[in-house]
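Novice: Take a look at the following structure, please.
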Ligand SMILES: [Mg+2]
Ligand SMILES: [Mg+2]
């Protein structure tokens with residue numbers, strides 16, 4: 001029986017996760033009985049309960065689960081802790097490492113009714129619908145690094161193995177197959193050896209995916225093109241550091257951070273979470289926007305359970321409630337129907 | 001006597017450089033006699049003349065000059081050459097290397113009359129006025145790199161010495177002193193050792209510049225902030241690869257590539273050129289926009305000759321002709337006064 005580990009965490013995590021779980025159960029309908037749902041403590045909540053942000057039992061349960069649904073972690077009560085014990089590092093990095101996630105998936109989709117909230121012009125954004133895939137375990141962030149003194153110097157080593165590159169590129173091609181079959185591989189092959197290996201392998205793998213149109217783009221140009229003409233992209237796949245930069249940049253195309261979902265994957269095992277944080281300032285007040293978490297549940301259905309129809313049903317329902325004018329405070333403008341967290345969940349359920 | 005080496009190069013370079021030189025001489029007025037101007041061949045033009053894109057005589061003259069004014073190089077006639085002989089690589093990289101430029105300076109200034117041409121909303125861009133400074137000689141692009149086979153793997157080494165970091169940070173602080181005295185140092189100090197050394201040195205150097213407000217920003221956030229709220233920046237300074245990405249991204253904030261000037265510096269010795277290329281398709285037709293080259297001359301006065309007043313006079317004149325509605329074809333919209341390259345030069349001269 002497929003297992004879903006549910007980790008609400010801290011702050012608004014406690015409010016948004018129940019709404020996402022309601023939507024997930026509703027869309028599963030009679031199939032719900034085939035899935036096992038279980039809650040586990042994580043983050044500051046877990047520190048209060050058992051003294052550490054990522055309890056062994058939680059980690060083990062997540063490793064055994066097919067999918068993890070995570071709310072958010074952290075808050076001012078735990079900011080005084082050393083970095084290694086703080087919820088943001090201990091829990092999030094611990095989960096990413098403990099489950100060996102090598103792919104981060106960030107869909108960016110401009111929802112027509114949110115066009116006005118972006119800093120880009122409406123005609124530039126209207127129709128933006130892309131997925132950015134970032135490699136998560138290799139590259140310069142995880143390479144050997146060092147320092148010399150007198151005179152001072154420092155280095156970081158960027159490296160990639162064939163296997164690390166292959167699995168993330170496969171993720172790119174497979175994701176493109178689910179969508180418009182256009183894959184843009186971003187590198188800096190004119191100067192980096194790691195990028196030349198990356199590009200060589202992308203070209204090799206494209207023979208296994210004859211339906212996918214593969215293109216290559218240098219990272220500096222990709223950053224520019226995301227602002228100049230973002231509609232040209234369907235799926236972008238890139239290495240860790242380039243992806244770190246491009247996912248944050250692409251998040252500006254989605255209208256609001258309150259709408260951004262993300263998936264961290266190792267094959268079909270995945271962790272799904274909103275891109276935003278635990279927002280302690282509005283926690284417990286029924287003010288938080290649950291839509292990014294609800295959209296994360298759609299990603300879970302798509303990437304862990306291959307349930308594309310159900311994923312689309314959720315995405316369409318979210319689009320519909322926004323068209324109907326429902327807004328939580330973070331998105332509301334004059335004339336909108338201002339609703340709370342629970343009411344937004346109700347609206348999505350009604351729209352399913 | 002200060003020497004200015006003038007290298008028109010190929011394509012529209014032959015048309016835009018004369019306009020920029022006219023403006024430069026006009027603003028120098030009676031001081032013109034104190035400067036030595038001399039033309040030298042470069043690029044495809046030099047290949048035709050002496051068989052190589054960067055003749056020894058040209059390189060030597062540039063090394064002895066205080067400032068180099070470069071038009072653009074390259075064209076379809078020379079695209080069949082091996083990369084090492086092509087104008088874009090042989091001439092440009094040869095000059096950058098031969099003159100040991102370690103700083104690339106890119107001003108990005110939104111000119112009110114060009115607001116409509118950007119993909120960002122007008123209220124986001126109105127008032128943008130920043131300089132992005134990129135380190136040019138160090139980091140991962142120039143580090144040791146290598147490849148293994150069976151299984152394949154590759155690496156690139158990112159490294160920086162104290163001296164490399166100091167001189168570019170000094171450039172950042174000095175540039176900030178000429179402006180609003182705000183310096184944003186961009187790094188990834190939460191994961192990279194080179195960035196930690198960079199940040200440590202920025203904090204040390206800030207003691208020598210008590211008037212400059214130094215801030216630090218992670219590169220992924222910087223990419224996001226350039227789109228979210230670009231007005232917050234005055235001077236950005238960053239390492240080579242981050243700068244490669246951020247300068248291209250920032251170029252989207254300036255309205256048009258036809259307006260972007262750039263300086264490559266080693267101390268006060270500098271090379272000044274438009275960010276655009278040689279545009280062979282419109283060459284020889286009096287269609288090219290000379291304003292980026294004219295603005296590059298302003299940078300020359302500022303960074304090589306310390307003539308801030310004269311630099312500002314040129315920048316104000318450019319702004320004025322645009323306000324007056326003069327446009328070359330690349331910027332023209334209905335209702336504008338469409339002019340050619342020479343007429344645009346005339347207009348700037350008249351506005352000085
Ligand atoms: Mg990031
Ligand atoms: Mg670049």
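Residue numbers (the UniProt record's numbering), protein chains in the order written: chain A, 1 to 352; chain B, 1 to 352. Idealized CB from N, CA, C, for every residue including glycine. Keep in mind that this is a model prediction, so the values were computed, not measured.
Within the present structure, is the beta-carbon of residue 293 of chain B separated from the nearest heavy atom of ligand 2 by less than 7 Å?
Specialist: Residue 293 of chain B Cβ: outside cutoff for every heavy atom of ligand 2.
Novice: Just checking: is the beta-carbon of residue 121 of chain A within a distance shorter than 8 Å of some beta-carbon in chain B?
Specialist: With 8 Å as the cut-off, residue 121 of chain A counts as an interface residue toward chain B.
Novice: Can you list, in chain order, the residues of the region 242 to 274 of chain A whose Cβ is nearer than 7 Å to any Cβ on chain B?
Specialist: The region 242 to 274 of chain A vs chain B, Cβ under 7 Å: 244, 245, 248, 249, 251 and 252.
Novice: How many Å lie between residue 28 of chain A and residue 65 of chain A at the Cα?
Specialist: Distance between the alpha carbons of residue 28 of chain A and residue 65 of chain A: 18 Å.
Novice: Please classify residue 159 of chain A as buried or exposed, where buried requires at least 16 other C-beta atoms within 10 Å of its C-beta.
Specialist: Per the 10 Å Cβ criterion, buried.
Novice: Once the 5 residues before and after residue 162 of chain A are set aside, which same chain residues still bring their CB inside 8 Å of it?
Specialist: Around residue 162 of chain A: 197 and 201.
Novice: For the region 207 to 220 of chain A against the region 99 to 113 of chain A, do three or more pairs of beta-carbon atoms, one drawn from each stretch, fall closer than 8 Å, so that the two count as touching?
Specialist: No, because fewer than three Cβ pairs between the region 207 to 220 of chain A and the region 99 to 113 of chain A fall closer than 8 Å, the two stretches do not touch.
Novice: Whole angstroms is fine: what's the gap from residue 116 of chain B's alpha carbon to residue 225 of chain A's?
Specialist: So the two alpha carbons sit approximately 18 Å from each other.
Novice: Smallest Cα separation from residue 119 of chain A: which of B/234, B/230 and B/272?
Specialist: Here the closest residue by C-alpha is B/230.
Novice: So which residues put a beta carbon under 6 Å from any heavy atom of ligand 2, going in chain order?
Specialist: My final list is A/220, B/244, B/247 and B/248.
Novice: Are the Cβ atoms of residue 329 of chain A and residue 338 of chain A separated by less than 8 Å?
Specialist: In this structure, residue 338 of chain A lies closer than 8 Å to residue 329 of chain A by Cβ.
Novice: Report yes if the CB atom of residue 176 of chain B is closer than 8 Å to the CB atom of residue 235 of chain B, and no otherwise.
Specialist: Their beta carbons are under 8 Å apart, which means residue 176 of chain B touches residue 235 of chain B by this criterion.
Novice: In its own chain, which residues sit with a C-beta less than 8 Å from the C-beta of residue 36 of chain B, not counting the 5 before and 5 after it?
Specialist: Taken in chain order, the residues that qualify are 1, 2, 3 and 4.
Novice: Given that residue 130 of chain B touches chain A, what residues does it touch there, using C-beta distances under 7 Å?
Specialist: Here the premise fails: no neighbours, minimum Cβ distance about 15 Å.
Novice: By DSSP, does residue 327 of chain A sit in helix, in strand, or in coil?
Specialist: Residue state, collapsed to three classes: strand.
Novice: I need the DSSP call for residue 158 of chain B, collapsed to helix, strand or coil.
Specialist: Strand.
Novice: Does the distance from the CB of residue 319 of chain A to the CB of residue 111 of chain A come in under 8 Å?
Specialist: Cβ distance < 8 Å, so residue 319 of chain A and residue 111 of chain A count as in contact.
Novice: Using beta carbons (cut-off 8 Å, strictly below), is residue 239 of chain A in contact with chain B?
Specialist: Not one chain B Cβ lies under 8 Å of residue 239 of chain A.
Novice: For residue 312 of chain B, count the other beta carbons within 10 Å of its own beta carbon; 16 or more makes it buried, fewer makes it exposed. Which is it?
Specialist: That one is exposed.
Novice: For the region 134 to 161 of chain B, which residues have a CB atom closer than 8 Å to at least one CB atom of chain A, in sequence order?
Specialist: Residues passing the 8 Å Cβ filter: 140, 141, 143, 145, 146, 147, 151, 152, 153, 154, 155, 156, 157, 158, 159, 160 and 161.
Novice: For a contact defined as C-beta to C-beta under 8 Å, what are the partners of residue 228 of chain B on chain A?
Specialist: Those are 119 and 252, listed as they occur along chain A.
Novice: Does residue 188 of chain B come out as helix, strand or coil in the three-state DSSP assignment?
Specialist: Reduced to three states, the DSSP call for residue 188 of chain B is coil.
Novice: Could you tell me if residue 244 of chain B is buried or exposed, where buried requires 16 or more neighbouring beta carbons within 10 angstroms of its beta carbon?
Specialist: When all chains shown are included, residue 244 of chain B counts as buried.
Novice: For residue 272 of chain A versus residue 256 of chain A, is the C-beta spacing smaller than 8 Å?
Specialist: No. Outside cutoff.
Novice: Determine, using beta carbons only, whether residue 96 of chain A comes closer than 8 Å to chain B.
Specialist: For residue 96 of chain A, the answer is no, since every Cβ of chain B falls outside 8 Å of its Cβ.
Novice: Could one say the Cβ of residue 175 of chain B lies closer than 8 Å to chain D's Cβ atoms, at least one of them?
Specialist: Protein chains A and B are contained in the structure displayed, whereas chain D is not.
Novice: So the candidates are B/286, B/228 and B/95; which of them puts its Cα closest to the Cα of residue 128 of chain B?
Specialist: Comparing Cα positions, the closest option is B/228.
Novice: Have a look at residue 26 of chain A and residue 292 of chain A and give me their C-alpha separation to the nearest angstrom.
Specialist: So the two alpha carbons sit approximately 17 Å from each other.
Novice: Within the same chain, show all residues whose beta-carbon is closer than 8 Å to that of residue 146 of chain A, passing over the 5 residues directly before and after it, in chain order.
Specialist: These residues qualify, in order along the chain: 154 and 155.
Novice: CA-CA distance, residue 114 of chain A and residue 75 of chain A?
Specialist: Cα to Cα, the separation comes out at about 29 Å.
Novice: Figure out for me which residue from A/166, A/135 and A/331 has the closest Cα to the Cα of residue 151 of chain B.
Specialist: The candidate whose alpha carbon is nearest that of residue 151 of chain B is A/166.
Novice: Following the continuous alpha helix (DSSP H) through residue 60 of chain A, name the residue where it begins and the one where it ends.
Specialist: Start and end: 56 to 64.
Novice: Could you have a look at residue 97 of chain A and say whether DSSP puts it in helix, strand or coil?
Specialist: Correct three-state label for residue 97 of chain A: helix.
Novice: Name the one or two DSSP bridge partners that residue 30 of chain B has.
Specialist: Paired residues: none, contrary to the question.
Novice: Report the rounded CA-to-CA distance for residue 126 of chain A versus residue 251 of chain A, giving the unit in angstroms.
Specialist: Taking the straight line joining both Cα atoms gives about 15 Å.
Novice: Could you list the residues in the region 198 to 220 of chain B with a C-beta less than 7 Å from some C-beta on chain A, going in chain order?
Specialist: Of all residues in the region 198 to 220 of chain B, 219 and 220 have a Cβ within less than 7 Å of some Cβ in chain A.
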